[in-house]
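Asker: For the numbering used here, count along the sequence shown from 1 and bump the result up by 63. After the structure tokens below, expect a handful of questions from me.
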Amino acid sequence: MTTRARGGCVKLALLALLLMFTFLLLLSSLHTTDLDLRSLQQRQHHQHHQQRLRHTPDGRATPPSTQTQPEPVDEELVRQLEAELPEVDYSFWYRYAKPLRYAASRSCAHYPDPLDLQLHNVYWQTFQNSNVTFRMFAAYLDMRTGAPGRGVVRVLATANQLGNRFPATHCQLWYANYTLPLVVAVSDFVSVWLKAWGGQQLYNYPHLLSCPIPEALPPPLLHRLPSTVSLASSGCEHASNSLRIHYHPPEEMQTATTTMATMATVATATGQRPPSFGVCLKGFDFPYVDLSERLIEWFELHRLLGAAKVYAYMYDVHPAVQRVLDYYQRSGYLELRPLTMANGMPRLRHYQHMLIQHRLLAKRLNELIPYNDCFYRNMYRHDYIVNVDIDEVIMPQGAMRTWHDILASDVPLTRLNCPNGHVSYCFINGYFTKVLPEVRDHEQLEADELYVLQHTMRHRNYSLPGRATKCFHNTRYSETLHNHFTLKWLKGSCTMRTLSVELAQMQHYREPDNEYNLTELVEDRNAWKYAPELHAAVEHVWLHLDDGPEQDAVTEEQRMLNEP
């Protein structure tokens, strides 16, 4: 075959292949088009079917069904509103004030409608009187022996002034099934911040306002207690604020003949029960740091020391920390409350954290609100309130193991010098540094996950008495509290008492303010007496951290049964 003939055969073969490829491509395209047509027909058929379903028998079209949540009504709505704003007594307004039209008269002192309240930064209410702006936080009924008259309604608030005279202010006290307000003048504006500590304009300074219940009451109110309070510039003013009045006495105090003072005195003297300690923590603000391990250890160590319950306040925390707090709330050992800034800075996670870190005066002023709120909410539940931070532990010395042991050891001196008891028992501060001791034994190797067992190097010099101190605040007498000590107290007690470091010390797990040499450190292994129990308790929490409420109740009961 010639070269020309071979070339013609090759061309024919290529042409045949091209024709076959074109034919296959055409078949594939026709198949795809057929599938698309089938899919379109199916969708059209489904839509037509749905349209037929949406028509009623008479031919009218109806909209598709929607998932609508029923709007809460009446008492269910009241419960939800009180969960959002716990200091507003919606239940009282719904059951009494609204249906009975509470007011002094048609034109005088109407009961505030909850929708007309001057709310501020969620959890505060604003009361403007002359040139003073109050931010009201909460109210409490003080029925202690040292309180004047028939008791005092205390209003915890901030004011935008410090050290100046206040304009005349009145309290409108409202009672269940009594339509008229009981109007009394504010008798005292007690600052919870001393001017000597510094102050600036435009800041909100914490104050405790007192509304004394008069001896002479209308007959229907002689054996009744007020439920809510409003502040007003005059007795007839239509107030735009309203706070529920907290009063939670134990059952032993429900009778008129029993008081907190007599109950605590008799119980302690007869040895019926050890004193009860409640622990108060300021607002948690660590949105970026996971302090789960430290917190669990802190909670369990305070349980071993004798803390009956912990009360804390919340700005914002890391999700892992929230998991720990949820566990302790479910178990009943922790009561947690939300908190915002009195100055109105919004509760925005990053902005709020930056403000708290860089506006120290605003931070410190706001800290005094939760400390005093915690005291007044729980002063009938405990004999002593303890204000501490999560890097602090009031530690008994030597063989003593509980806070009750500390006070029992000091009873002879207290009875000799102050028969009614001191307003507070305070402890000298010692700094436990971040310097770790040399590993000396197997115990220390196993303790690497427990912070207080690891960090045993204390600066040998204690702080001066009264400096960085923390105290047991006597709930029979304390009136206003600072972070470190009682500021004002009722009659009947002695001033604060600082206990010897031979009895106990305040272990502060942070670096001292001043520089130091390693030669100034001493090893203090006092916390190691709790090591076995603390290890077991911490491990128990990690094992049950995500248990549901029913499992929490069972494990808590088992824990109580296993305690000696």
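Backbone N, C-alpha and C fix where the C-beta goes; we use that ideal spot for every residue, glycine too.
Of the residues P282, T221, E430, H485, which one's Cα is nearest the Cα of N537?
Answerer: Taking the sequence shown and counting its residues from 1, one reaches residue 537 at position 474. The candidate whose alpha carbon is nearest that of N537 is H485.
Asker: Helix, strand or coil: how does DSSP classify M206 here?
Answerer: Here residue 206 refers to the residue found at position 143 of the sequence shown. M206: coil per DSSP, three-state reduction.
Asker: Suppose the cutoff is 6 Å on Cβ atoms and the five residues either side in sequence are ignored; what does the same chain contact list for L236 look like?
Answerer: Taking the first residue of the sequence shown as position 1, residue 236 is located at position 173. Same-chain partners within the cutoff: L245, P289, V292.
Asker: For the alpha helix (DSSP H) that contains E455, what are its first and last residues?
Answerer: Taking the sequence shown and counting its residues from 1, one reaches residue 455 at position 392. Segment 455-459 is the beta strand (DSSP E) holding E455; no alpha helix (DSSP H) there.
Asker: From Q181 to R142, what distance separates their C-alpha atoms?
Answerer: Taking the sequence shown and counting its residues from 1, one reaches residue 181 at position 118. Taking the sequence shown and counting its residues from 1, one reaches residue 142 at position 79. Going by the C-alpha atoms only, they are around 21 Å apart.
Asker: Evaluate the contact criterion for the segment 373-393 versus the segment 595-615: three or more CB pairs, one atom per stretch, below 8 Å.
Answerer: Contact holds: three or more Cβ-Cβ distances are below 8 Å.
Asker: Could I get the ranges of all uninterrupted beta strand (DSSP E) runs contained in the segment 513-546, with 3 residues as the minimum, in chain order?
Answerer: Runs of the beta strand (DSSP E) inside the segment 513-546: 520-522, 533-537, 541-544.
Asker: List the endpoints of the continuous alpha helix (DSSP H) containing M435.
Answerer: Position 372 of the sequence shown, counting from 1, holds the residue named residue 435. The sequence as given places Asn at residue 435; Met does not occur at that position. From DSSP, the alpha helix (DSSP H) with N435 extends over 423-441.
Asker: Would you kindly report the start and end of the unbroken beta strand (DSSP E) that includes V292?
Answerer: Walking along the sequence shown from the start, residue 292 turns up at place 229. Run containing V292: 291-295, per the beta strand (DSSP E) assignment.
Asker: For the segment 361-374 against the segment 597-605, are there 3 or more C-beta pairs whose distance is under 8 Å?
Answerer: Yes, the segment 361-374 touches the segment 597-605.
Asker: Using CA coordinates, which residue listed in R169, Y157, C171, S305 is at the minimum distance from Q188?
Answerer: Residue mapping note: residue 188 aligns to position 125 of the sequence shown, counting from 1. Closest by alpha carbon: S305.
Asker: Let me know if K455 comes out buried or exposed under the rule of 16 or more other beta-carbons within 10 Å of its beta-carbon.
Answerer: If you number the sequence shown from 1, residue 455 lands on position 392. In the sequence as displayed, the identity of residue 455 is Glu instead of Lys. It counts as buried.
Asker: Is C489 closer than 8 Å to F548 when the C-beta atoms are compared?
Answerer: On the sequence shown, position 485 is the one that residue 548 refers to. On the sequence shown, position 426 is the one that residue 489 refers to. In this structure, C489 lies closer than 8 Å to F548 by Cβ.
Asker: In the structure shown, what three-state DSSP assignment does V604 receive?
Answerer: One-based indexing of the sequence shown puts residue 604 at position 541. Here V604 sits in helix by DSSP.
Asker: So R539 packs on A405, CB below 8 Å; how close in whole Å?
Answerer: As a working note, residue 539 is residue 476 in the sequence shown. As a working note, residue 405 is residue 342 in the sequence shown. The pair is not a contact, with the Cβ atoms about 29 Å apart (cut-off 8 Å).
Asker: Measuring straight from C-alpha to C-alpha, what distance separates K592 and I469?
Answerer: Residue numbering aside, residue 592 sits at position 529 when the sequence shown is read from its first letter. Residue numbering aside, residue 469 sits at position 406 when the sequence shown is read from its first letter. Cα to Cα, the separation comes out at about 16 Å.
Asker: Under the three-state reduction of DSSP, which class applies to I448: helix, strand or coil?
Answerer: What you label residue 448 is simply residue 385 of the sequence shown in a count that begins at 1. Note: I448 maps to strand in three-state DSSP.
Asker: Could you say which of M569, M559, H518, T496 lies nearest to E578 if we only look at CA atoms?
Answerer: Locating residue 578 in the sequence shown gives position 515, counting from the first residue. It is T496.
Asker: Run the CB neighbour count on K258, radius 10 Å, all protein chains shown included, and call it buried at 16 or more, exposed below.
Answerer: Counting from one through the sequence shown, the residue named residue 258 turns up at place 195. Counting Cβ neighbours within 10 Å, K258 comes out exposed, since fewer than 16 surround it.
Asker: Please look up how many angstroms separate the CB atoms of Y310 and Y203, rounded, as I've assumed it's under 8 Å.
Answerer: Start at 1 with the first residue of the sequence shown, and residue 310 comes out as number 247. Start at 1 with the first residue of the sequence shown, and residue 203 comes out as number 140. Between Y203 and Y310 the Cβ distance is about 7 Å, and since that is below 8 Å, they are a contact.
Asker: Report the CB separation of Y266 from L402 in whole angstroms; it is logged as a contact under 8 Å.
Answerer: Taking the sequence shown and counting its residues from 1, the one referred to as residue 266 is at position 203. Taking the sequence shown and counting its residues from 1, the one referred to as residue 402 is at position 339. No, Y266 and L402 are not in contact; Cβ-Cβ is about 17 Å, not under 8 Å.
Asker: Classify W156 as buried or exposed, calling it buried when 16 or more other Cβ atoms lie within 10 Å of its own Cβ.
Answerer: Stepping through the sequence shown from its first residue, residue 156 is reached at position 93. With 16 or more Cβ atoms within 10 Å of its Cβ, W156 is classed as buried.
Asker: Quick one: grab the DSSP three-state call for L306.
Answerer: Counting from 1 along the sequence shown, the entry for residue 306 is found at position 243. Reduced to three states, the DSSP call for L306 is strand.
Asker: Taking Cβ positions, are S250 and P275 nearer each other than 8 Å?
Answerer: As a position in the sequence shown, residue 250 is number 187, starting the count at 1. As a position in the sequence shown, residue 275 is number 212, starting the count at 1. Result yes, Cβ atoms of S250 and P275 sit closer than 8 Å.
Asker: From Y376 to G346, what does the alpha carbon distance come to, in whole angstroms?
Answerer: Locating residue 376 in the sequence shown gives position 313, where the first residue counts as 1. Locating residue 346 in the sequence shown gives position 283, where the first residue counts as 1. The alpha-carbon atoms of Y376 and G346 are separated by roughly 4 Å.
Asker: For the beta strand (DSSP E) that contains A371, what are its first and last residues?
Answerer: On the sequence shown, residue 371 is found 308 positions in, with the first residue counted as 1. Residues 370-380.
Asker: Can you list, in chain order, the residues of its chain with a C-beta nearer than 7 Å to that of M463? Leave out the 5 residues immediately preceding and following it.
Answerer: Position 400 of the sequence shown, counting from 1, holds the residue named residue 463. So the list reads I469, S472, once near-sequence residues are dropped.
Asker: Pick out the complete beta strand (DSSP E) segments inside the segment 211-279, 3 residues or longer, and give them in chain order.
Answerer: With a minimum length of 3 residues, the continuous beta strand (DSSP E) runs that stay inside the segment 211-279 are 215-222, 233-238, 241-248, 251-254, 268-275.
Asker: To the nearest angstrom, how far is the alpha carbon of I224 from that of V195?
Answerer: As a working note, residue 224 is residue 161 in the sequence shown. As a working note, residue 195 is residue 132 in the sequence shown. Note that residue 224 is Gln in the sequence shown, not Ile. Those two C-alpha atoms are separated by around 7 Å.
Asker: Starting from the Cα of N492, find the closest Cα among S297, L294, I457, V380 and give me that residue.
Answerer: Indexing the sequence shown from 1 puts residue 492 at position 429. If we check each option's Cα against that of N492, I457 comes out closest.
Asker: Closest to W260 by C-alpha separation, out of P281, P230, L272, G226, would be which residue?
Answerer: Working through the sequence shown from its first residue, we reach residue 260 at position 197. If we check each option's Cα against that of W260, G226 comes out closest.
Asker: What span of residues does the beta strand (DSSP E) with H571 cover, start to end?
Answerer: Indexing the sequence shown from 1 puts residue 571 at position 508. Per DSSP, H571 belongs to the beta strand (DSSP E) from 567-571.
Asker: May I ask you to verify whether the segment 344-359 touches the segment 378-385, counting CB pairs closer than 8 Å and requiring at least 3?
Answerer: Contact between the segment 344-359 and the segment 378-385 is present, because at least three Cβ pairs lie under 8 Å.
Asker: Who does Y494 pair with in a DSSP beta bridge?
Answerer: As a first step, residue 494 is located in the sequence shown; it is residue number 431 there, counting from the start. For Y494, which the question treats as bridged, DSSP gives the partners H571.
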